[in-house]
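Chemist: Sending over a structure as structure tokens; questions will come in a sec.
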Amino acid sequence: MNETEEQNEGLVCAILAEQVAILRDRMDASEAFDLLWQTSALLSWLAGLLADISRESPQINPLQDRERSEAVTKITTIRQQLDHLAFFQAQRQDFARQIADCVIVALERMSSAQMPEGTRFASADLAALYVSEDQRRLHEDILLRLRVD
Amino acid sequence: MPTILVLDDSATMVMSLSHILKGAGYDVETGMNGREGITKLTDGVKPSVILTDLNMPELDGIGFIKEARKIASARYTPIIVLTTESGGRKRDEARAAGASGWLTKPAEPNQLLAVVKQLCPVK
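Okay, structure coming up:
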């Protein structure tokens, strides 16, 4: 590869690194999660309010009391499902963000600005950036598939 | 109310963990990396349990655990590592640094609370 080709490849890597960084930053869905948590907190408050109303209304009829009880059960179930969903999604998003970080660092190092003269970014350098066993397993599978030592 | 110190560089994860722990009756202090965690501890925060990620900027989880164990008030505080890393080597490294336990993401909210409640029951 001549000098111009190397410079061009480095430039492409630098541009790709910036683009992946933009994608990673867009992954931050804090507002959506905040809304989920607020909804969960509101449901929790509603369930408590229904219980208080029932306690302070001695004349409540059995049908209303049964409906109140059913509503509280449903609210509690939905709230738990929301909490579960939000926590799981948050962890998935965090994992995706970390993989994007890994790609960004690799591309930055492959760009001409980051690589010391005469050195190349190798697959072992990439492996050193991984943050999970899943990434390492995938790396090994690809090396096997491409029959690279 | 017992305090849990949560360290993670993901704002979403910090928010999620805080919500779940507060919902279970804990006070929550947070930091976005190990350095912020050390600052909290040296500023006088005395958590009953610390939950930390491993891969964080400034000071990573292993570095945080090592430094936290040098602070008298946090020498014996349970530190649970919550991370995407599931590898034995990292786990051994964290244990050698002074981690008390390990949870791999994605973890179930109930699984997380069970561990925290076992270490620090809410009265």
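Protein sequences, first through last, are from chains A and B.
Just so we're aligned, residue 695 is where the first sequence starts under the numbering used here, counting upward by one.
Just so we're aligned, residue 13 is where the second sequence starts under the numbering used here, counting upward by one.
C-beta: ideal position from N, C-alpha, C; glycine also.
Being a predicted model, the structure only gives us computed values, none of them experimental.
1. Write down the C-beta distance between residue 786(A) and residue 721(A) rounded to the nearest angstrom, noting that I regard them as a contact closer than 8 Å.
2. Can the beta-carbon of residue 81(B) be found less than 8 Å from the beta-carbon of residue 99(B)?
3. Under 8 Å, Cβ to Cβ, is there at least one residue of chain A near residue 25(B)?
4. Is the CB of residue 753(A) under 8 Å away from at least one CB in chain C?
5. Where do the N-terminal and C-terminal ends of the alpha helix (DSSP H) with residue 51(B) fall, by residue?
6. With DSSP as the reference, identify every bridge partner of residue 105(B), one or two as the case may be.
7. Of the residues that make up the segment 743-771 of chain A, which ones have a beta carbon closer than 8 Å to any beta carbon in chain B?
8. Does the segment 41-60 of chain B come close enough to the segment 734-750 of chain A that 3 or more CB-CB pairs lie under 8 Å?
9. With a CB to CB cut of under 6 Å and the five nearest residues on each side skipped, what residues in its chain are close to residue 825(A)?
10. Let me know the secondary structure DSSP gives residue 16(B) once reduced to three states.
11. Based on Cα-Cα distance, which residue from 86(B), 96(B) and 79(B) lies nearest to residue 829(A)?
12. Contact defined as beta carbons within less than 8 Å: I believe residue 94(B) pairs with residue 115(B). What is the distance between those atoms, to the nearest angstrom?
13. Between the Cα of residue 65(B) and those of 121(B), 18(B) and 37(B), spot the shortest distance and give me the residue it belongs to.
14. Is residue 798(A) near residue 714(A), with beta carbons less than 8 Å apart?
15. Taking all protein chains shown into account, decide if residue 726(A) is buried (16 or more other Cβ within 10 angstroms of its Cβ) or exposed.
Modeler: Answer, in terms of the structure:
1. Not confirmed; about 10 Å, so no contact.
2. No, these two residues do not count as a Cβ contact at 8 Å.
3. It does; some Cβ of chain A falls within 8 Å.
4. Any reference to chain C falls outside this structure, whose protein chains are A and B.
5. Where residue 51(B) is concerned, the enclosing alpha helix (DSSP H) stretches over 46-54.
6. For residue 105(B), which the question treats as bridged, DSSP gives no partner whatsoever.
7. Of all residues in the segment 743-771 of chain A, none has a Cβ within less than 8 Å of some Cβ in chain B.
8. With the cut-off at 8 Å, the segment 734-750 of chain A and the segment 41-60 of chain B do not touch.
9. Within the same chain, and ignoring the five residues on either side of residue 825(A) in sequence, the residues whose Cβ sits closer than 6 Å to its Cβ are 792.
10. Strand.
11. Of the candidates 86(B), 96(B) and 79(B), the one whose C-alpha sits nearest the C-alpha of residue 829(A) is 96(B).
12. For residue 94(B) against residue 115(B), the beta-carbon gap comes to about 5 Å, under 8 Å, which counts as contact.
13. Cα-wise, what sits closest to residue 65(B) is 18(B).
14. With respect to residue 714(A), residue 798(A) sits close: the two C-beta atoms are nearer than 8 Å.
15. Exposed, by the Cβ-count rule.
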